[in-house]
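Undergrad: Heads up: the protein sequence lines correspond to chains R and Z, in order.
So the first sequence is numbered by the numbering used here: it starts at 15 and just counts up by one.
So the second sequence is numbered by the numbering used here: it starts at 15 and just counts up by one.
A single structure is presented below for examination.
2 protein chains.
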Amino acid sequence: MSKEKPSIPKGTRDFGPAVVVKRNYIFNTIKRTFEKFGYLPLETPAMEQLSVLTGKYGDEGDQLLFKILNSGDFLSKTKPEDLEQGYKNITRKVAEKGLRYDLTVPFARFVVMNRNEITFPFKRYQIQPVWRADRPQKGRYREFYQCDADVVGTNSLLCEAEIVQMINEVLTALGLTDFTIKINHRGILAGIAEAIGEKGREGDICVVIDKLDKIGAEGVRKELLERGISESAVAKLEPLYTLEGTNEQLLEQLQSILGETAEGQRGLADLREVWQYLSKLNSQALTASNASGIPRLMLDVTLARGLSYYTGCIFEVKVNNVSMGSISGGGRYDNLTGMFGMPGVSGVGFSFGVDRIYDVLEELMLFPDSSQVGTKVLLVQFDKDSEFYALPVLQQLRDAGIAAELYPEPAKLKKQMGYADQKSIPYVILIGSEEMASGKLKLRDMQLGEQQDLTIEEIISLLIK
Amino acid sequence: MSKEKPSIPKGTRDFGPAVVVKRNYIFNTIKRTFEKFGYLPLETPAMEQLSVLTGKYGDEGDQLLFKILNSGDFLSKTKPEDLEQGYKNITRKVAEKGLRYDLTVPFARFVVMNRNEITFPFKRYQIQPVWRADRPQKGRYREFYQCDADVVGTNSLLCEAEIVQMINEVLTALGLTDFTIKINHRGILAGIAEAIGEKGREGDICVVIDKLDKIGAEGVRKELLERGISESAVAKLEPLYTLEGTNEQLLEQLQSILGETAEGQRGLADLREVWQYLSKLNSQALTASNASGIPRLMLDVTLARGLSYYTGCIFEVKVNNVSMGSISGGGRYDNLTGMFGMPGVSGVGFSFGVDRIYDVLEELMLFPDSSQVGTKVLLVQFDKDSEFYALPVLQQLRDAGIAAELYPEPAKLKKQMGYADQKSIPYVILIGSEEMASGKLKLRDMQLGEQQDLTIEEIISLLIK
C-alpha cells in the first residue's frame with residue numbers, strides 16, 4: 015500500500031457537498047426548461063470506440079482524446095518493431111476505446127444505431143461529463159460537464175425560436191437579467207463573402223472574424239490578408255463590424271449589402287422567420303432588454319462560431335459586465351449523422367457552459383439560499399438520557415419530511431454546535447434535563463442566534479414551511 | 015471518416031429517454047432519503063491516479079482497472095527493451111491514470127486530501143458510474159452506477175441503526191414490501207471461529223460461508239476442509255446455518271454458543287445496541303414484516319460479506335420471491351483511510367445496486383406512471399394558419415408550467431399522432447378551422463381516446479392538476 019499523500023490527476027476536480035448542491039441547482043433549472051419544451055434525457059457511456067471518435071474533431075481534437083488501454087495482456091499482440099513504427103501504430107494495437115470528447119458525436123452515433131426505433135423529430139438533452147487531454151489552465155479542465163439539447167429530423171425554424179426561448183428562460187430562472195443572445199446565420203456569412211467578391215471563402219473569413227473580440231479589427235485585417243482575402247474585400251467587410259441599429263434596421267441594411275446572393279437571401283429569410291415565430295410566441299426574449307436598453311436577442315453579423323459543421327442559424331450568449339466568455343452557444347447543422355454514413359438528418363442544437371455559469375452566479379451572488387438542500391435541524395445530545403429522549407423526536411421530524419440529524423455522540427457542546435455551523439444547518443434543538451422535564455425543547459435559530467422553548471409539534475410546524 | 019456502422023464498447027449501454035427517466039426516479043428516491051438523514055453529495059473525477067487505485071482491490075481487482083494512456087507521444091519515453099520486460103513495466107510508463115473502480119477508494123482519498131477542512135463526523139453520499147474490465151455477461155456491465163452513503167469519524171452505532179432505516183425507507187418508497195435486511199457482525203464471526211476451535215481463521219471461514227447460498231452446506235463443508243478447517247470445527251459450525259427463531263431468540267442462542275469470546279461479546283453487544291436504537295426510533299424496519307410474516311430486519315449468522323475491510327456490523331438486502339442477488343449491502347470498517355497513511359478513521363457505509371433495483375421494479379411493475387416526466391400535451395398543426403394560432407397557445411401552456419410541444423411541421427395527422435404515441439404524450443390538442451373560429455380547442459385524451467372541445471383556460475386547469 016502506498017503511504018504517500020494521494021492526489022487527483024491534474025485538470026480534474028473533486029466537488030464537495032456545498033459545490034455539488036449549487037451545481038445541481040443549475041442542472042435542475044436547465045433540465046426543467048428542457049423538459050417543458052419536450053426534450054428528454056439521453057445518457058451514453060463514458061467510453062466510445064476510438065473508431066467512433068477519431069476523425070470527428072480535426073487533428074487537434076484527435077490528439078486530445080483520452081485513450082484507454084485494452085484490458086488483458088495487450089503486449090502479447092505487440093512486437094518490438096511496432097514501437098519503431100511510431101505512436102499511431104502502437105496506439106491502434108493497444109487502445110480501441112477512448113473517453114468521449116463531447117456529447118454531439120455520441121448523440122450522432124446513438125441516432126444512427128437506433129435509427130429504426132427513433133421517432134423523428136427526436137428531441138434529446140444530455141448532461142454528462144466529457145474529457146479532453148488539454149493543457150490544464152484557469153477555467154479549463156480535463157473533465158467537465160457539457161449540457162446539450164438537440165432536435166434532429168426537422169428543418170422547422172420553430173426549433174431555433176424555441177432555443178432562443180429556452181436560453182432566455184434558463185438564464186432568467188437563474189436570476190440573470192443583463193445578457194445578450196447573439197444570433198447570426200451561416201448563409202449571411204456566405205452571402206457577405208460573395209458580396210465582397212470572395213465567394214466560397216466564408217470558411218476562412220469565419221475563422222478570422224471569430225477572433226474579432228480578441229485581436230481587434232486590425233488583427234483581423236492582417237490575418238485575412240495572410241489568408242489571401244483581397245485588400246478590397248477586407249475594406250468592404252470592415253464596415254460590417256460596426257453595423258448599428260435595431261434588429262429590423264440591421265436586417266434592412268443586410269438586405270441591401272447582400273443583394274441577390276442566394277445564400278444571403280436564405281440567411282435573411284430564415285432569420286426573419288425566427289423573429290416571426292418569437293413574435294407569435296410573445297417571447298420575452300424579444301420584449302425584455304438588458305441593462306443598457308438593448309434587446310436581449312441581437313443579430314450580430316460578426317458572430318461566426320468556429321465549428322465548420324454549422325449550416326444555418328448560429329447562437330452565442332454573453333453575460334454583460336462580467337469578464338467571461340460565452341456561456342451558451344449552438345446552431346443548425348445539415349448533416350450530423352453523415353459522419354456515420356446516414357445522410358439527410360438535419361438538426362439544431364445548443365449547449366450551456368455550466369462551469370462558466372457557476373462562476374457568473376458566484377460572482378453576481380445569485381445562488382439562492384434555497385439552493386442549499388442540507389440538513390434543516392441538528393439535535394444536540396448531552397448524555398445517554400438526552401440521546402434516548404432525542405431519538406423519537408428525530409423520527410418525528412423525519413416523518414414530517416424534515417432533514418434532521420442527531421449528533422451521534424455526547425461530544426462537547428462546542429463541537430456539536432461547530433458541526434451545525436460547518437454544515438450550515440440553520441436550526442439546532444437542545445435537549446437538557448430541564449427540557450426533558452417540561453417537554454418544551456430549546457430551538458435555536460443559528461443565524462439570528464435566538465432561542466425559543468417549543469413543543470415538538472410547534473417545532474415541526476415552524477420548520478416545515 | 016468511417017462509414018461503417020458504429021457501435022458501443024461491449025459491456026456498456028446507452029440509456030434512452032424512457033430508461034433515464036425511470037433510473038432518475040430511483041436515484042431521486044435514494045437521494046431524498048440520504049438528504050433527510052443528513053448525508054450530502056460528493057462527486058469525484060472519473061480518472062484517478064493509478065497510484066491511488068492500485069493495490070486496493072487485490073490482484074484480481076488490479077487486473078480489472080481500466081488504464082488511460084498518457085497523452086502526448088509517450089513512445090519517446092518507451093524503448094524496445096521495455097517491451098521485453100513485460101506488461102507491468104510498460105504499463106507503468108504509458109499509463110499513470112485509471113478509471114475509478116468503486117466509490118470507496120476515491121472517498122477515502124478525498125477524506126485524506128481534505129482532512130483539515132472536513133468536519134467530522136462526515137456524512138457523504140455519492141452516485142456516480144464506475145468502470146471494471148470484467149468479462150461482460152447478463153447483468154454485469156463494464157460501466158455501471160454505484161450509489162454509496164458513508165459516515166466516517168464516529169463509532170456511534172446510531173449510524174448503523176440509521177442505515178437500516180434508510181434502506182427500509184428507500185425500498186418502501188419504491189413500493190417494495192417483501193424484502194429482508196440481513197444483519198450480522200464480524201465480531202460474531204470471529205467469536206464463532208474461536209468457539210469452534212479455529213481462532214483467527216474467520217477470514218477463511220467468511221469467504222466460504224459467503225457461498226452457502228450458491229454451493230450449499232455440502233459444498234461449504236468440502237471447501238472448509240480444503241482450507242484446513244478441522245472436521246470437528248466444521249461439525250460445530252454446521253448447526254449455525256439453520257439457527258431459527260426471532261431476533262431475540264437468535265441473540266440468546268448466540269450468547270451461549272459464543273460464551274466468553276471477546277470478539278463474540280463485542281458483536282453481540284453492538285447488535286443489541288443497534289436494536290435498542292431502532293426500538294427508540296420506533297423504526298418501521300422493526301415493526302414491519304414481509305410477506306411470510308418474518309420481520310424485515312433479521313440477524314443472519316451466515317451473512318459474511320467477502321470484503322475483508324469490514325470490522326463491525328455488516329448488512330445485505332434481499333428481495334424475496336425474486337431471483338436476484340442482494341440489492342444493497344455494506345458494513346463498518348475501522349481503517350478506511352489507513353491505505354493512504356491516515357489511521358484511526360472509523361466509518362460505516364452501504365450501497366444500493368441500482369441496476370438490480372431497476373430490474374426488480376420492472377419485474378414487479380412498480381414504476382409509477384408519475385415517474386414518466388415527459389411532454390404532457392402535443393399541439394397538432396395542419397397548416398400555417400393553425401400553426402400561427404397554436405403558437406400563443408403553446409406559450410400559455412408553458413407559462414403555466416405545463417410541458418408542451420407543437421409538432422414543428424404540418425405533417426400528416428397520422429404522423430403527428432404517431433409522434434405523441436411514441437413519446438407517450440397523454441394529451442393532444444387539435445386546432446382546425448372550426449376550432450379557430452369557435453375558440454374552443456379539441457383536447458384528445460390519448461389513453462381513453464376521448465375528445466372534448468375546451469377553451470385554453472379550461473385545458474390548462476385540466477392539465478395542471
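All C-beta atoms, glycine included, are put in the ideal place defined by N, C-alpha and C.
(1) Please check if any C-beta of chain Z sits within less than 8 Å of the C-beta of L350/R.
(2) Taking L392/R and Y421/R to be in contact with their CB atoms under 8 Å, please state how far apart those CB atoms are, rounded to whole angstroms.
(3) When every heavy atom of the ligand NAP is checked, does at least one fall within less than 7 Å of the C-beta of F124/Z?
(4) Please go through the same chain and pick out, in chain order, the residues whose beta-carbon is closer than 6 Å to the beta-carbon of S16/Z, but skip the five residues on each side of it.
(5) Closer than 8 Å, Cβ to any Cβ of chain Z: which residues of the segment 285-302 of chain R, in chain order?
(6) Just the C-alpha distance for T469/R and P23/R, rounded to the nearest angstrom, thanks.
(7) In terms of alpha-carbon separation, which member of T316/Z, I141/Z, E240/Z and L264/Z lies closest to R37/Z?
(8) From M450/R, E252/R and I416/R, pick the residue whose C-alpha is nearest to that of P440/R; which is it?
(9) D148/Z to W145/R, Cα distance in whole Å?
(10) Nearest-angstrom Cα distance between R458/Z and I177/R?
(11) Residues of chain Z with a CB under 8 Å from the CB of L83/R: which are they?
(12) I need the boundaries of the alpha helix (DSSP H) containing P382/Z, first residue and last residue.
(13) Does any CB atom of chain R fall closer than 8 Å to the CB of I181/Z?
(14) Using the Cβ count rule (16 or more neighbours within 10 Å means buried), how would you classify K398/Z?
(15) Taking the CB atoms as reference points, tell me whether K456/R and D467/R lie closer together than 8 Å.
(16) Any idea if S170/R is buried or exposed, counting beta-carbon neighbours within 10 angstroms, 16 or more meaning buried?
(17) Chain Z beta carbons: is any one of them nearer than 8 Å to that of M15/R?
(18) Helix, strand or coil for Q461/Z, going by three-state DSSP, please let me know.
(19) Short check: CB of K332/R to CB of T186/R, under 8 Å?
(20) Give me the Cα-Cα distance between E472/R and N304/R, rounded to the nearest whole angstrom.
(21) Taking 8 Å as the threshold, find out whether the segment 225-241 of chain R comes into contact with the segment 361-369 of chain R through three or more Cβ pairs.
(22) So, at 8 Å on beta carbons, what are the nonlocal neighbours of Y211/R in its own chain, with the 5 sequence-adjacent residues on each side left out?
(23) Measuring only between beta-carbons, confirm whether E49/Z sits less than 8 Å from chain R.
(24) Got a sec: which bits of the segment 164-190 of chain Z sit with their beta carbon under 7 Å from any beta carbon on chain R, in order along the chain?
(25) Return the Cβ separation of Q410/Z and I308/Z in integer angstroms, given the expectation that the two are a contact with Cβ distance under 8 Å.
(26) Straight-line CA distance for G30/Z to E57/R?
(27) Kindly indicate which three-state DSSP category G483/R falls into: helix, strand or coil?
(28) Under 8 Å: do the segment 61-72 of chain R and the segment 105-122 of chain R share three or more Cβ pairs, one atom per stretch?
(29) May I ask you to list, following chain order, the residues of the segment 318-348 of chain Z that have a beta carbon less than 9 Å from some beta carbon of chain R?
(30) So with CB distances below 9 Å, who are the chain Z contacts of M450/R?
(31) Here's a check: name, in chain order, each residue in its chain whose Cβ is nearer than 8 Å to the Cβ of G153/Z, leaving out the five neighbours to either side.
(32) Please state the DSSP three-state secondary structure of D164/R.
(33) Can you check whether the C-beta of K36/R is within less than 8 Å of a C-beta belonging to chain Z?
(34) Scan the segment 21-89 of chain R and note each continuous beta strand (DSSP E) run of 3 residues or more that stays entirely inside, going in chain order.
(35) Does M15/R come out as helix, strand or coil in the three-state DSSP assignment?
TA: Let me spell this out:
(1) Taking the first sequence and counting its residues from 1, one reaches residue 350/R at position 336. At a cut-off of 8 Å, the C-beta of L350/R has no neighbouring C-beta in chain Z.
(2) Along the first sequence, one-based indexing puts residue 392/R at 378. Along the first sequence, one-based indexing puts residue 421/R at 407. That belief holds up - the Cβ atoms of L392/R and Y421/R are roughly 6 Å apart, short of 8 Å.
(3) Looking at this structure, you won't find the ligand NAP or any other ligand, since it has none at all.
(4) As a position in the second sequence, residue 16/Z is number 2, starting the count at 1. With a pLDDT of 46 at S16/Z, under the threshold of 50, the predicted position of this residue should be treated as unreliable, though the coordinate-derived value follows. Excluding residues up to 5 positions away in sequence, nothing lies with its Cβ nearer than 6 Å to the Cβ of S16/Z in the same chain.
(5) Here the close residues are Y291, K294, L295, N296 and S297.
(6) Taking the first sequence and counting its residues from 1, one reaches residue 469/R at position 455. Taking the first sequence and counting its residues from 1, one reaches residue 23/R at position 9. Straight-line Cα distance between these residues: approximately 51 Å.
(7) Within the second sequence, numbered from 1, the residue matching residue 37/Z stands at position 23. Of the candidates T316/Z, I141/Z, E240/Z and L264/Z, the one whose C-alpha sits nearest the C-alpha of R37/Z is I141/Z.
(8) Within the first sequence, numbered from 1, the residue matching residue 440/R stands at position 426. When each option's Cα is compared against that of P440/R, the closest is I416/R.
(9) Stepping through the second sequence from its first residue, residue 148/Z is reached at position 134. Stepping through the first sequence from its first residue, residue 145/R is reached at position 131. W145/R has its alpha-carbon roughly 23 Å from the corresponding atom of D148/Z.
(10) Here residue 458/Z refers to the residue found at position 444 of the second sequence. Here residue 177/R refers to the residue found at position 163 of the first sequence. If you take the alpha carbons of R458/Z and I177/R, they lie about 27 Å apart.
(11) Here residue 83/R corresponds to residue number 69 of the first sequence, with the count starting at 1. Result: F80, K81, I82, L83, T105, V108 and A109.
(12) Reading the second sequence from its first residue, position 368 is the one you call residue 382/Z. Note, P382/Z: premise wrong, no alpha helix (DSSP H); not H, not E.
(13) Translated into positions along the second sequence, residue 181/Z becomes position 167. Answer no: the Cβ-Cβ gap between I181/Z and chain R never drops below 8 Å.
(14) The count along the second sequence starts at 1 and reaches residue 398/Z at position 384. It is exposed - the Cβ of K398/Z has fewer than 16 other Cβ atoms within 10 Å.
(15) Sequence index remark: in the first sequence, residue 456/R carries index 442 (1-based). Sequence index remark: in the first sequence, residue 467/R carries index 453 (1-based). The answer is yes: Cβ separation under 8 Å.
(16) The residue you call residue 170/R lines up with position 156 of the first sequence. S170/R should be labelled buried.
(17) As a working mapping, residue 15/R is identified with position 1 in the first sequence. Bear in mind that the predicted position of M15/R carries a pLDDT of just 44, short of 50, making it too unreliable to give a figure here.
(18) Taking the second sequence and counting its residues from 1, the one referred to as residue 461/Z is at position 447. Three-state DSSP puts Q461/Z in coil, outside helix and strand.
(19) Reading the first sequence from its first residue, position 318 is the one you call residue 332/R. Reading the first sequence from its first residue, position 172 is the one you call residue 186/R. No. Outside cutoff.
(20) Here residue 472/R corresponds to residue number 458 of the first sequence, with the count starting at 1. Here residue 304/R corresponds to residue number 290 of the first sequence, with the count starting at 1. Taking the straight line joining both Cα atoms gives about 46 Å.
(21) Here the segment 225-241 of chain R makes no contact with the segment 361-369 of chain R; the two share fewer than three CB pairs at distances below 8 Å.
(22) Start at 1 with the first residue of the first sequence, and residue 211/R comes out as number 197. Tyr is not the amino acid found at residue 211/R; the sequence shown has Gly there. Around G211/R: S244, S246, A247 and K250.
(23) By one-based count along the second sequence, residue 49/Z stands at place 35. Cβ-Cβ to chain R under 8 Å: yes for E49/Z.
(24) Answer in chain order: T168, S170, L172 and C173.
(25) Your numbering for residue 410/Z matches position 396 in the second sequence. Your numbering for residue 308/Z matches position 294 in the second sequence. Contact doesn't hold; Cβ gap of about 55 Å is too wide.
(26) Taking the first residue of the second sequence as position 1, residue 30/Z is located at position 16. Taking the first residue of the first sequence as position 1, residue 57/R is located at position 43. The alpha-carbon separation between G30/Z and E57/R amounts to approximately 7 Å.
(27) For chain R, the structure presents residues 15 to 479; residue 483/R sits outside this window and is missing.
(28) Using a Cβ-Cβ distance cut-off of 8 Å, the segment 61-72 of chain R and the segment 105-122 of chain R are in contact, since at least three pairs of beta carbons, one from each stretch, lie closer than that value.
(29) Under the 9 Å Cβ criterion, the segment 318-348 of chain Z contributes no residue.
(30) Within the first sequence, residue 450/R is the residue found at index 436, counting from 1. At a C-beta separation below 9 Å, M450/R has no neighbours in chain Z, since its nearest C-beta there lies roughly 14 Å away.
(31) As a position in the second sequence, residue 153/Z is number 139, starting the count at 1. Excluding positions up to five away in sequence, the list reads D369, R370 and D373.
(32) Within the first sequence, the letter at position 150 stands for residue 164/R. In the structure shown, D164/R adopts extended strand secondary structure according to DSSP, grouped into three states.
(33) Counting from one through the first sequence, the residue named residue 36/R turns up at place 22. So, not an interface residue.
(34) Within the segment 21-89 of chain R, the complete beta strand (DSSP E) segments of 3 residues or longer fall at 61-63 and 81-83, listed in chain order.
(35) Here residue 15/R is taken as the residue at index 1 of the first sequence, counted from 1. For M15/R, the predicted structure reports a pLDDT of 44, less than 50, and the residue's modelled location is therefore unreliable. A value from the coordinates is still provided. If DSSP states are grouped into helix, strand and coil, M15/R belongs with coil.
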